[in-house]
Each structure stands twice: as structure tokens, then as C-alpha cells.
Amino acid sequence: MAKWGWKIPTFWVLGAITLLLGTMTAGAIQNYQGYDAAVRAMISLLLYLIGGIFWISVTIAMKKKL
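If you read the sequence shown in this note's numbering, its first letter stands for residue 1214, the second for the next number, and so on.
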């Protein structure tokens, strides 16, 4: 792990956190204080995509390092 530096573990953890937040948001889709269910679904989809981008960048960086 020392040869990868700090970017790979950081991006991996950030990807996991954004996927967790996307899952929590998707699981709690209800009408809360003016938020439409479609807006919450779009937010959760956006968080899924951001988490996927983080994890894809980690795999590309690991492939280049190995």
C-alpha cells in the first residue's frame, strides 16, 4: 500500500462513502418537507455515478501502478 501513495485509498474510501450515501438516499425516498421523490432519486443516482467514477479511477490507477 505504501507504493500507491495516499490517492488510491482516499478515492476508494470516498467512492464507498458516496455509494453509501446514495443507497441511504434511495432507501429513504419519501415526501419530506417539499422534496419530491424524483429529486431524491436523481440525487441518489448522481451519488451512485460519482462513487462509480471514484472506483473506476482507483482501478485505472492500480492497473498503471502494477
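No residue lacks a Cβ here, since even glycine has one placed at the ideal position from N, Cα and C.
All of these numbers come straight from a predicted model, not from anything done at the bench.
Using DSSP with H/G/I as helix, E/B as strand and the rest coil, what is TRP1219?
TRP1219 falls in the coil class under three-state DSSP.
What does a CB cutoff of less than 6 Å around LEU1232 pick up in its chain, not counting 5 residues either side in sequence?
Closer than 6 Å at Cβ, skipping near neighbours: GLY1264.
Which class does ALA1229 belong to by DSSP, given the choice of helix, strand or coil?
Three-state DSSP puts ALA1229 in a helix.
Comparing C-alpha positions only, which one of GLY1240, ILE1269, PHE1267 sits nearest to ILE1256?
Here the closest residue by C-alpha is GLY1240.
Where does LEU1260 land, buried or exposed, given buried means 16+ other C-beta within 10 angstroms?
Buried: at least 16 other Cβ atoms inside 10 Å.
Give the secondary structure of LEU1234 by DSSP, where H, G and I count as helix, E and B as strand, and everything else as coil.
Here LEU1234 sits in helix by DSSP.
By how many angstroms is the C-alpha of THR1223 removed from the C-alpha of LYS1278?
Going by the C-alpha atoms only, they are around 16 Å apart.
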